[in-house]
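Below: one structure, written as structure tokens.
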Amino acid sequence: MTSEGTTSHEGRAALVTGGTSGIGLAIAQRFQQDGMRVAVLDLDRPQSREVAETHGLIFIAADLTRREDCRAAITKAVQVLGGLDVLVNNAGFQHIDPVADFPEDTWDAMIHVMLTAPFLLSKYAWPYLTRSGQGRIINVASIHGHVASPFKSAYISAKHGVIGFTRTAALEAGEQGLTVNAICPGYVRTPLVEGQIADQARTRGISAEEVEQKVMLEPAAIKRLLDPADVAALASYVASPAAWGMTGAVLDLDLGWTAR
1 MTSEGTTSHE
11 GRAALVTGGT
21 SGIGLAIAQR
31 FQQDGMRVAV
41 LDLDRPQSRE
51 VAETHGLIFI
61 AADLTRREDC
71 RAAITKAVQV
81 LGGLDVLVNN
91 AGFQHIDPVA
101 DFPEDTWDAM
111 IHVMLTAPFL
121 LSKYAWPYLT
131 RSGQGRIINV
141 ASIHGHVASP
151 FKSAYISAKH
161 GVIGFTRTAA
171 LEAGEQGLTV
181 NAICPGYVRT
191 PLVEGQIADQ
201 ARTRGISAEE
211 VEQKVMLEPA
221 AIKRLLDPAD
231 VAALASYVAS
241 PAAWGMTGAV
251 LDLDLGWTAR
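Rendered as structure tokens:
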């Protein structure tokens with residue numbers, strides 16, 4: 001077993017949900033570089049399989065709104081990886097609607113993917129993650145786990161819930177050598193965010209750069225979007241044996257957003 005205080009990931013196995021684009025893909029690639037065996041989970045789409053194959057990642061298809069898919073995904077990950085040491089709950093999507101007009105089925109799907117699924121995946125992975133005494137659960141939350149913005153009711157509710165789940169699970173896992181932590185990024189330059197920038201530029205009649213600086217980054221101290229690799233670098237440390245004493249932590253990578 002790797003001794004406490006080192007940073008080696010060699011020989012460890014990780015599953016990253018939502019791992020074929022954006023933050024999830026960056027984390028999966030970083031874990032690969034660190035020497036881990038990595039599987040990525042996403043919906044069963046040709047483009048997702050192609051991304052995984054291109055990057056040499058094991059692909060696991062699952063619909064995280066389905067309880068049985070969550071269980072089957074962990075079983076499959078353990079089979080193909082030969083065990084499981086790190087679970088990254090990253091999958092999600094964003095939907096913008098006023099509360100009064102928010103579709104109920106969309107609410108259900110978003111809460112399932114971003115809050116219920118992390119609980120279920122963690123529950124099913126628990127016996128494997130505790131086996132080595134160096135297990136890690138990393139929940140990718142958001143700065144919106146701390147603060148609210150209009151038109152994102154389900155997203156913000158789920159991310160607040162993820163922080164509560166992280167802290168509770170950490171207390172339950174401590175004596176088993178399993179740590180549970182959350183990463184809360186600010187705006188990250190992902191395909192999803194790029195799409196939001198283009199939409200807001202069009203509806204507001206301003207440039208994409210103005211959307212970034214005057215809308216998205218207005219509350220931030222550092223006026224620059226994060227890169228997915230920035231989040232991946234933090235995840236790499238949290239997953240490492242060196243982070244053995246960090247659990248129940250909510251790690252803000254928020255450009256100073258919450259410093260006010």
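Letter 227 of the sequence shown, counting from 1, is numbered 227 in full-length UniProt numbering, and no numbers are missing.
Backbone N, C-alpha and C fix where the C-beta goes; we use that ideal spot for every residue, glycine too.
Open item on the list: To the nearest angstrom, how far is the alpha carbon of T6 from that of L15?
Closed with: Residue confidence for T6 is low, a pLDDT of 47 falling below 50, so the modelled location carries little weight; the figure read from the coordinates is stated next. Straight-line measurement puts the Cα of L15 at about 21 Å from the Cα of T6.
Open item on the list: Does the structure place the stretch 34–50 close enough to the stretch 207–226 that three or more beta carbon pairs sit under 8 Å?
Closed with: Segments in contact, no.
Task: Pair within 8 Å by beta-carbon distance, I58 and V86 - done: For I58 and V86, no; Cβs fall outside 8 Å.
Open item on the list: Considering only DSSP beta bridges, list what D42 is partnered with.
Closed with: Looking at the DSSP output, D42 sits in a beta bridge with A61.
Task: D254 versus L225, N139, M114 and Q94, residue with shortest Cα-Cα distance - done: Closest option to D254, Cα to Cα, is L225.
Task: Within 8 Å, strictly: CB atoms of V162 and Y128 - done: No, Cβ-Cβ distance for V162 and Y128 is not below 8 Å.
Open item on the list: I'd like the span of the beta strand (DSSP E) that includes R167, first residue to last.
Closed with: R167 -> not in any beta strand (DSSP E); alpha helix (DSSP H) instead, spanning S153 to A173.
Open item on the list: Assuming D252 is part of the beta strand (DSSP E), what are its boundary residues?
Closed with: Note, D252: beta strand (DSSP E), V250 to L253.
Open item on the list: To the nearest angstrom, how far is the alpha carbon of E194 from that of G92?
Closed with: About 16 Å.
TODO: Within the same chain, show all residues whose beta-carbon is closer than 6 Å to that of residue 269, passing over the 5 residues directly before and after it, in chain order.
DONE: The structure shown has nothing for residue 269, since the chain only spans 1 to 260.
Task: Between the CA atoms of T168 and R30 - distance to the nearest angstrom - done: R30 and T168: Cα-Cα distance of roughly 28 Å.
- [ ] Output the distance between the C-alpha atoms of R204 and Q213, rounded to the nearest integer angstrom.
- [x] When only Cα atoms are considered, R204 and Q213 end up about 14 Å apart.
TODO: Note down the Cα distance separating I222 from L234, rounded to an integer number of angstroms.
DONE: Approximately 18 Å, taken between the alpha carbons.
Open item on the list: How far does the beta strand (DSSP E) with V180 in it extend, from its first residue to its last?
Closed with: It spans T179 to P185 - the beta strand (DSSP E) in which V180 sits, taken as one unbroken run.
TODO: Sort P219, M246 and S240 by Cα distance to A259 and report the nearest one.
DONE: Residue P219 is the option with its Cα nearest to A259.
TODO: Would you mind giving the Cβ-Cβ distance between Y120 and C70, rounded to the nearest angstrom? I have them listed as a contact below 8 Å.
DONE: The amino acid occupying residue 120 in the given sequence is Leu; Tyr does not appear at that position. Yes, they are in contact, since the Cβ atoms of L120 and C70 sit about 4 Å apart, within 8 Å.
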